[in-house]
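Those protein sequences? They're chains A and B, same order as listed.
Using the numbering used here, read the first sequence as starting at 167 and increasing by one per residue.
Using the numbering used here, read the second sequence as starting at 57 and increasing by one per residue.
Okay, structure first, notes after.
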Amino acid sequence: DTEVTQTPKHLVMGMTNKKSLKCEQHMGHRAMYWYKQKAKKPPELMFVYSYEKLSINESVPSRFSPECPNSSLLNLHLHALQPEDSALYLCASSQERRGSSYNEQFFGPGTRLTVL
Amino acid sequence: AQSVTQLDSHVSVSEGTPVLLRCNYSSSYSPSLFWYVQHPNKGLQLLLKYTSAATLVKGINGFEAEFKKSETSFHLTKPSAHMSDAAEYFCVVADRGSTLGRLYFGRGTQLTVWP
């Protein structure tokens, strides 16, 4: 299985709602990532988990809360979002190799989030 | 520091003609380089990767790229464009010294293919 899956595909939420995005991979990858992508822009890194521990937080507002319950799952909990948070949220995974020659990432299809 | 410059924000070609998408990179280390493609409202799909083996890299769907260290370039080519190639293409550099998979994306090149 060489696929990263994300649910839901689309999400519309109000600014007072709480929702979660889910990501799953069964490739045995130990690094997982959340990206935010606005229209016509490249993805922007939000968080990196390595061996289920948060390794990188790119100064993301606390209304985004990541969680890695196990090596296959990655969640992004959303609370009190703003309309400018509307974007495509992409999950990715990769093998983490110490002294690795490359860090090829496999991306999921994304969740299209609209905040009203 | 790592960075990527995609020289064209938009490229238009006719179906059956060659495709050239240009990319220059800057890296403090020997880089790993990738091209990803993104179709509308989809995730990113890896087209090909360079990891210090052969400098001419072949990818999926007939694409290939050549790593030229002297020119710090990694241009993407395809001999004959197909309508299905219309998409956004990202040139990406990875820090080979990083174990945490940080990628540096170019701004993207939108490829339009005319019938």
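Think of the CB as a built atom: it goes at the ideal place given N, C-alpha and C, for glycine as much as any other residue.
Going residue by residue through the segment 195-247 of chain A, where are the continuous alpha helix (DSSP H) segments of at least 4 residues, counting only ones entirely within it?
none
Give the straight-line distance between the Cα atoms of B/L159 and A/N223, rounded to the nearest whole angstrom.
14 Å
Please report whether the beta-carbon of A/P235 lies at a distance below 7 Å from any beta-carbon of chain B.
no
Pairwise C-alpha distance: B/L89 and B/S126
15 Å
Can you have a look at A/L187 and say buried or exposed, based on whether 16 or more other CB atoms are within 10 angstroms of its CB?
buried
Tell me the DSSP bridge mates of A/S259?
A/M198, A/F272
B/E144: first and last residue of the uninterrupted beta strand (DSSP E) it sits in:
143-150
Within chain A, partners of B/F161 - CB distance below 8 Å:
P208, P209
Taking 7 Å as the CB-CB limit, is A/F213 close to chain B?
no
Delimiting residues of the beta strand (DSSP E) encompassing B/N80
79-82
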